[in-house]
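Numbering (full-length UniProt numbering), first residue to last: 1 to 225.
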């Protein structure tokens, strides 16, 4: 399936930046609506930068109009929200769920999002519980084609400096190769690989709800090479 007009939420993070570059390079993609909370320079002629108030339903709806696919790679950290879980939820839950709820009004039929391995609404870990709640809320919107990426640790460069994560990335590049059997899903993966998989999932346009862990993400990404 050719994907001509897409919207990207969270296009300034590790995965989002890679995704935008893949979309720019794809000759089938004509328009990329980049929904942002702060002003930024237009990175390419294909890109339309949409400054959005994500607390305003109409603002989000107008930015998404005419999109066939919505990609969501938005996410924050405890550091960025200074330990405020309510603010964390407003970003990681409210934004993607509001966007997905608009599918009938806007007309898009596919929603592709980055979640996490271990996501479950009954998980005692705040982050994994929140991701699980997001997944359940997205499924409840009944968007015709929902693709949920569930990577483990992401490998790649971030603008935000995270010294501990840098150390863990270096360690996981080697130790995660030892994860076999059911543990394979916990292997670290490049953020760019997840981005490639997101684009390929949108092109395949399979109806229903689909979750992808390490092996499935790698397989999708390789199809798109």
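Ideal Cβ placement from N, Cα and C applies to all residues, glycine included.
* Rank 54, 180, 210 and 83 by C-alpha distance to the C-alpha of residue 150 and give the top, closest one. => As a working note, residue 150 is residue 150 in the chain shown. Minimum Cα distance to residue 150 is reached at 210.
* To do: Please list, in chain order, all residues of the same chain as residue 122 whose beta carbon is under 8 Å from its beta carbon, the five residues on each side excluded.
  => Taking the chain shown and counting its residues from 1, the one referred to as residue 122 is at position 122. Setting aside the 5 residues that flank it on each side, residue 122 is surrounded in the same chain by 129 and 132, each with a C-beta closer than 8 Å to its C-beta; the list follows chain order.
* beta strand (DSSP E) containing residue 211: first to last residue? -> Here the question's residue 211 lines up with position 211 in the chain shown. Per DSSP, residue 211 belongs to the beta strand (DSSP E) from 208–212.
* Asked: Of the choices 92, 73, 72 and 54, whose alpha-carbon is the least far from that of residue 81?
  -> Taking the chain shown and counting its residues from 1, one reaches residue 81 at position 81. Residue 92 is the option with its Cα nearest to residue 81.
* To do: List the endpoints of the continuous beta strand (DSSP E) containing residue 193.
  => Along the chain shown, one-based indexing puts residue 193 at 193. Where residue 193 is concerned, there is no enclosing beta strand (DSSP E), although the alpha helix (DSSP H) it sits in stretches over 191–204.
* Asked: So is residue 183 buried or exposed if we call it buried at 16+ other beta carbons inside 10 Å?
  -> The count along the chain shown starts at 1 and reaches residue 183 at position 183. Exposed.
* For residue 180, count neighbouring C-beta atoms within 10 Å of its own C-beta (all shown protein chains included) and say buried if the count is 16 or more, exposed if not. => To locate residue 180, count along the chain shown from 1; it is residue 180. Taking every protein chain shown into account, the CB of residue 180 has fewer than 16 other CB atoms within 10 angstroms, so this residue is exposed.
* To do: State the CB to CB distance for the pair residue 87 and residue 199, rounded to an integer number of angstroms; the pair is presumed to be in contact (CB under 8 Å).
  => Stepping through the chain shown from its first residue, residue 87 is reached at position 87. Stepping through the chain shown from its first residue, residue 199 is reached at position 199. Taking the Cβ atoms as the reference, residue 87 lies roughly 30 Å from residue 199, outside the contact range of under 8 Å.
* Could you give the distance in angstroms between the alpha-carbon of residue 152 and the alpha-carbon of residue 33? -> Along the chain shown, read from residue 1 onward, the residue named residue 152 stands at position 152. Along the chain shown, read from residue 1 onward, the residue named residue 33 stands at position 33. Looking at the two C-alpha atoms, the distance is approximately 28 Å.
* **Coil, strand or helix - residue 81 by DSSP** => By one-based count along the chain shown, residue 81 stands at place 81. Three-state DSSP puts residue 81 in a helix.
* Asked: Looking at C-beta atoms only, is the number of pairs between the region 50–65 and the region 11–31 that lie closer than 8 Å three or more?
  -> No, they do not touch.
* Just how far apart, CA to CA, sit residue 76 and residue 2? -> Position 76 of the chain shown, counting from 1, holds the residue named residue 76. Position 2 of the chain shown, counting from 1, holds the residue named residue 2. Each residue's CA atom was taken as its position, placing residue 76 and residue 2 some 31 Å apart.
* In its own chain, which residues sit with a C-beta less than 7 Å from the C-beta of residue 60, not counting the 5 before and 5 after it? -> Taking the chain shown and counting its residues from 1, the one referred to as residue 60 is at position 60. In its chain, beyond the 5 residues on either side, 52, 54, 98, 99 and 102 have a beta carbon closer than 7 Å to the beta carbon of residue 60.
* Where the beta strand (DSSP E) through residue 182 begins and ends -> Reading the chain shown from its first residue, position 182 is the one you call residue 182. Careful: residue 182 lies outside any beta strand (DSSP E) and carries neither H nor E.
* Asked: Between residue 154 and residue 189, which are expected to be in contact by the criterion C-beta below 8 Å, what is the C-beta distance as a whole number of angstroms?
  -> Translated into positions along the chain shown, residue 154 becomes position 154. Translated into positions along the chain shown, residue 189 becomes position 189. That belief holds up - the Cβ atoms of residue 154 and residue 189 are roughly 7 Å apart, short of 8 Å.
* Asked: Just checking my contact of residue 65 with residue 106 at CB under 8 Å: how many whole Å lie between their CB atoms?
  -> Translated into positions along the chain shown, residue 65 becomes position 65. Translated into positions along the chain shown, residue 106 becomes position 106. With a Cβ gap of about 6 Å, residue 65 and residue 106 count as contacting.
* Asked: Looking only at DSSP bridge pairs, what is residue 7 linked to?
  -> Mapped onto the chain shown, residue 7 falls at position 7. Among the bridge pairs identified by DSSP, residue 7 is matched with 33 and 70.
* Among the residues of its own chain, which have a CB less than 7 Å from the CB of residue 223, if the five just before and after it don't count? -> Locating residue 223 in the chain shown gives position 223, where the first residue counts as 1. The beta carbon of residue 223 is closer than 7 Å to those of 200 in its chain, skipping five residues each way along the sequence.
* Asked: Per DSSP, which one or two residues make a beta bridge with residue 111?
  -> Against the chain shown, residue 111 aligns to sequence position 111. DSSP output for residue 111 lists 70 and 146 as bridge partner(s).
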